[in-house]
Every structure is written in C-alpha cells, then in structure tokens.
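These notes are about the structure you will find just below.
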Amino acid sequence: MTAAGDASHRVTAAGDGSHPVTAAGDTPQRVLVVWCPDWLGQDTEAGARAFEPVVAAVEGFCPRVEVLRPGACAFAVRGPARYFGGEAALAAKIIDAVARCGFACQIGVADGMVAAQLAARAPRPTGLRRLAAGRPGAPE
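For our numbering, count along the sequence shown from 1 and bump the result up by 595.
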C-alpha cells in the first residue's frame, strides 16, 4: 500500500502500490516508462551500474525517476510532458538522450504503472506507444 500525506500527517491519498496515485483520490497518474531491451537478464549489480547513465539522461527531463529494475525506469509524465511540448515530443527527446548513451529504448505512456510497462514492452520499432482508456495509440 502506498500513501501520501499532508503537513498535518493525515493521509490524503492511498493506493495498493500498483500505480502512483494523486492527492485528489485514487485516480492513476499518467506514467511514462523507459524500457531498454538490451538489459534483459542483467538484474545484477553490474547491470544496475551500467544503467546509471541512462537514468541520469532520463533525470534531465524529470528529477523524480523511479528505477523499476536495471533496464527500466518510470516517472509521472503530466508535468514534464507539458514542459517539453507533449508526450510524443518528450518521448522523442528521451529516446535521443538514451541513444547518446549508446542504448536503444522503447517508451510507453499510460494511465497507471502496469499499463505503461505493457505499452513500453509491446513489440514494435523503437519509439512511443500510448494507452488511453484501454485503446492502443489513442490521442493525447
């Protein structure tokens, strides 16, 4: 279970841990997942160290990046997407930044962590895939 509190230490939002929640309720946040398929099977300390440059590149777009495992990281996308011109523009910038580190990546954006992970891992050419209301590729 995850929970968010306010200054008086009262719980203002809670969830089961499967996706980030907003303070307005248990509505899932829009999440962006960066997945590097080159890290398959590298859940070791060396694999984690090798992933640090990718995380640093992604942190250039959002300082609150959650490393899910070596090869995958995520962050709430709503604010960064507004700042960088939308989800597709942000995804393109992240793909370029990760490529400069020498790795290919796929990006998935969806309402909730699980759906964003599924979108990122969907078989397709490197790029962005969005899920909205259960419909692949729905507009922003």
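Using N, Cα and C, we set each Cβ at its ideal position, and we do this for glycine too.
Quick caveat: nothing in here was measured; it's all calculated off a predicted structure.
Problem set entry | Range of the contiguous alpha helix (DSSP H) that encloses GLY674 | Residue numbering aside, residue 674 sits at position 79 when the sequence shown is read from its first letter. Taken as a continuous stretch (DSSP letters only), the alpha helix (DSSP H) holding GLY674 covers 673-678.
For this session: Would you check if the distance between the CB atom of VAL704 and the CB atom of VAL672 is smaller than 9 Å?
Result: Working through the sequence shown from its first residue, we reach residue 704 at position 109. Working through the sequence shown from its first residue, we reach residue 672 at position 77. Their beta carbons are under 9 Å apart, which means VAL704 touches VAL672 by this criterion.
Exercise. If you draw a straight line from the alpha carbon of ALA710 to that of ALA676, how long is it in whole angstroms?
Worked result: Translated into positions along the sequence shown, residue 710 becomes position 115. Translated into positions along the sequence shown, residue 676 becomes position 81. ALA710 and ALA676: Cα-Cα distance of roughly 18 Å.
Exercise. If you draw a straight line from the alpha carbon of VAL662 to that of THR639, how long is it in whole angstroms?
Worked result: The residue labelled residue 662 in the question sits at position 67 within the sequence shown. The residue labelled residue 639 in the question sits at position 44 within the sequence shown. Roughly 14 Å separates the two Cα atoms.
For this session: Express the C-alpha separation of ARG695 and ALA652 in angstroms, rounding to a whole number.
Result: For the purposes of this step, residue 652 is taken as the residue at position 57 of the sequence shown. For the purposes of this step, residue 695 is taken as the residue at position 100 of the sequence shown. C-alpha separation (whole angstroms): 9 Å.
Exercise. Which of helix, strand or coil does DSSP assign to GLY642?
Worked result: Residue mapping note: residue 642 aligns to position 47 of the sequence shown, counting from 1. In the structure shown, GLY642 sits in a helix (DSSP, three-state: H, G or I).
Exercise. In the structure shown, what three-state DSSP assignment does ALA715 receive?
Worked result: For this step, residue 715 is matched to residue 120 along the sequence shown. Helix.
Exercise. Measuring CB to CB, does ARG625 end up less than 9 Å from ASP706?
Worked result: For the purposes of this step, residue 625 is taken as the residue at position 30 of the sequence shown. For the purposes of this step, residue 706 is taken as the residue at position 111 of the sequence shown. Closer than 9 Å, so yes.
For this session: Using three-state DSSP, classify ARG659 as helix, strand or coil.
Result: To locate residue 659, count along the sequence shown from 1; it is residue 64. If DSSP states are grouped into helix, strand and coil, ARG659 belongs with coil.
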